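Just so you know, this note's numbering puts 69 at position 48 of the sequence shown, and the rest follows in order with no gaps. Each residue gets a CB set at the ideal place from its N, CA and C atoms; glycine is no exception. If you're wondering where the values come from, they're calculated on a predicted model, not measured in any experiment.
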Amino acid sequence: MTREYTITIHKRIHGAGFKKHAPWAFKESWEFAMKETETPDVCIDTRLNKTVWAKGIRNVPHSIHEQLSRKCNEDEDSPSLCLKNVLRY
């Protein structure tokens with residue numbers, strides 16, 4: 022199952038200091054993915070990481086196109102069997 026979303030980062034990091042823009046962008050996209058899929062296990066892809074950090078810590082993009090896909094969890098210790106979500110750009 023794959024879903025595509027466009028998240029407006031600009032309004033979500035409003036009020037944060039300049040040096041916290043990129044970390045807040047990750048936190049907000051992670052929280053959005055948790056809320057949409059209703060699972061706590063969300064992994065962020067490296068392409069999304071490179072996109073957010075491309076212009077530095079201060080100048081994050083105004084909006085990000087994200088792709089949420091659900092994969093089976095390979096960990097034997099995890100309580101949820103098929104509830105691992107990958108957040109991609």
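On a Cα-Cα basis, can you pick out the residue from the options that is closest to residue i?
i          : options        : result
residue 69 : 54, 108, 37    : 108
residue 71 : 52, 60, 85, 23 : 85
residue 76 : 40, 28, 33     : 40
residue 67 : 82, 47, 34     : 47
residue 38 : 82, 78, 89     : 78
Please state whether DSSP places residue i in a helix, a strand or coil.
i          : result
residue 68 : helix
residue 24 : strand
State the Cα-Cα distance for the pair residue i and residue j, rounded to the nearest angstrom.
i          : j          : result
residue 80 : residue 93 : 35 Å
residue 64 : residue 50 : 11 Å
residue 22 : residue 91 : 6 Å
residue 57 : residue 87 : 12 Å
What residues match up with residue i in a beta bridge as DSSP calls it?
i          : result
residue 60 : Paired residues: none, contrary to the question.
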